[in-house]
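Residue numbering for the sequence shown follows the numbering used here, beginning at 1 and increasing consecutively. Virtual Cβ for every residue (Gly too), placed ideally from N, Cα, C. Right, one structure below, let's go through it.
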Amino acid sequence: MDYKELDLNLIKVFLCVYECKSILLASKKLYISQPAVTKSIKKLENFLNGPLFIRTSKGLVPTQEGEEFNSVCYKTLNNLQNGIDNFEQHTKNNKGTINIGSSSTIIRKVLMPFLKEFTIKYPNISLSITDANSQKLLKHLTHGDIDFAILNTPVENHQSFNLIPIKQIFDCIIASKDFKKDFIYKEDLSKYPLILQKRPSNNRDFIEKYCINNNIEIKPKYEIGSFGLITDFVKNNMGIAFTVKDFVQNEILNNEIKEISSNLKFEPRQIVVISLNQEKFSINKQVFIEEIISYFNK
1 MDYKELDLNL
11 IKVFLCVYEC
21 KSILLASKKL
31 YISQPAVTKS
41 IKKLENFLNG
51 PLFIRTSKGL
61 VPTQEGEEFN
71 SVCYKTLNNL
81 QNGIDNFEQH
91 TKNNKGTINI
101 GSSSTIIRKV
111 LMPFLKEFTI
121 KYPNISLSIT
131 DANSQKLLKH
141 LTHGDIDFAI
151 LNTPVENHQS
161 FNLIPIKQIF
171 DCIIASKDFK
181 KDFIYKEDLS
191 KYPLILQKRP
201 SNNRDFIEKY
211 CINNNIEIKP
221 KYEIGSFGLI
231 TDFVKNNMGI
241 AFTVKDFVQN
251 EILNNEIKEI
261 SSNLKFEPRQ
271 IVVISLNQEK
281 FSINKQVFIE
291 EIISYFNK
């Protein structure tokens, strides 16, 4: 016999009869007729191939096998109830931890307002945040160390992951506010000291491939690991740099640096939330995805 063939309502009737030691009392407690209770017990006994109760002057008394079966059923349904209660607690209170990985620049320049709003709305959800480059974060994601990586495209081996776009971003060329030119032809970029992010970096890979496709040779004067430090070097008039405009918008508006126009036109990119392909999200993870999509689509 296979438990999948068993109607679990029969277990519910059995446990009630065991507790009441009476068909009559069980029928009243279950709000069903006495014949229905009797029929359910008989059906369960037929399934088990043995009697569960013996009729006595004091009522129904469980057989030894019935006593053991009750113990197993009680523990099983108690575990099920604990699972239901736990599920309900997560649903109502959204307890738990979400592990996120991103770069310090994206966290500071893009995610911070959302993360603040999310933690206010869901105070029982803890956020564990890992700051690393894209290659390390994708490894963390693959190994299950983080739930989501939030990065800009392009994403290496993107076929292996599920990508959810949340924000469009645009690349630009920046220079010191004292830089004499406001426009540079792409053919002349190599004449100026160039500041690029150090490898490994998907931003560096994107810029280099884009320049190669436009027949532009680039030789960096400075290679810097921190994306934020690139802006500091530019402020000090140490060269020009490729960057994401969304990351330096405040510096441009405050006239700390300036955007340089060019006939090199960048295609827009995306900041994406990355998860493993075919992963089934927990309630908290699904809440996080829905909230971040909603926030950036206001």
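Spatial distance of residue i from residue j (CA atoms)
i    : j    : result
A132 : I195 : 20 angstroms
E45  : N79  : 24 angstroms
C16  : I54  : 16 angstroms
E251 : R108 : 14 angstroms
F242 : Y222 : 12 angstroms
K28  : G66  : 22 angstroms
A26  : I32  : 8 angstroms
V234 : L189 : 15 angstroms
E217 : C211 : 7 angstroms
N153 : N86  : Residue identity check: residue 153 is Thr in the sequence provided, not Asn. Roughly 38 angstroms between the two C-alpha positions.
Q278 : N162 : 8 angstroms
Q286 : L276 : 14 angstroms
V72  : I11  : 11 angstroms
V88  : K95  : Note that residue 88 is Glu in the sequence shown here, rather than Val. If I take the Cα positions, the gap works out to 10 angstroms.
D246 : D7   : 59 angstroms
F114 : K121 : 10 angstroms
S57  : T76  : 31 angstroms
F14  : S40  : 8 angstroms
F170 : K280 : 32 angstroms
N157 : M112 : 27 angstroms
Simplified DSSP assignment, three categories, for residue i
i    : result
F170 : coil
I283 : helix
A132 : coil
S33  : coil
V248 : coil
F161 : strand
P9   : The amino acid at residue 9 is misidentified as Pro; the sequence shows Asn. Helix at N9.
S262 : strand
T153 : coil
F118 : helix
I146 : coil
L22  : Residue identity check: residue 22 is Ser in the sequence provided, not Leu. Coil, per DSSP.
F242 : strand
Same chain only: Cβ atoms within 7 angstroms of residue i, ignoring 5 sequence neighbours per side
i    : result
V248 : I174, T231, I257
Q186 : According to the sequence as given, residue 186 is Lys; it is not Gln. Correct list, in chain order: N214, I216, S262, N263, L264.
Own chain residues within Cβ distance below 8 angstroms of residue i, not counting five before or after
i    : result
R204 : L196, Q197, K198
T63  : G50, P51, L52, F53, I54
V272 : I150, L151, N152, T153, V155, L163, I164, P165, I166
Residue-chain proximity (residue i, chain B), Cβ-Cβ < 8 angstroms
i    : result
P268 : Considering every chain present, this structure includes no chain B. It has just one protein chain.
Closer than 7 angstroms: residue i CB and nearest the ligand HEM heavy atom
i    : result
K136 : With respect to small molecules bound, the structure shown includes none, and the ligand HEM cannot be examined in it.
Cβ-based neighbour list, residue i, same chain, cut-off 6 angstroms, excluding 5 preceding and 5 following
i    : result
P193 : K221, G239
L30  : C16
G225 : K198
V61  : I54
E291 : F118
N70  : Y18
L48  : none
F296 : I166, K167
At least 3 beta-carbon pairs within less than 8 angstroms: the region 92-110 vs the region 132-151: Result yes; three or more Cβ-Cβ pairs closer than 8 angstroms.
Can you list, in chain order, the stretches of the beta strand (DSSP E) that have 3 or more residues and sit fully within the region 180-233? With a minimum length of 3 residues, the continuous beta strand (DSSP E) runs that stay inside the region 180-233 are 194-197, 222-224.
Jot down the residue ranges of each uninterrupted beta strand (DSSP E) in the region 38-106, minimum 3 residues, whole runs only, in chain order. Listed in chain order, the beta strand (DSSP E) elements of length 3 or more contained wholly in the region 38-106 are 53-56, 59-62, 96-102.
Please determine if the region 257-267 and the region 178-186 are in contact, where contact requires at least 3 C-beta pairs separated by less than 8 angstroms. Yes: the two stretches touch, three or more of their Cβ pairs being nearer than 8 angstroms.
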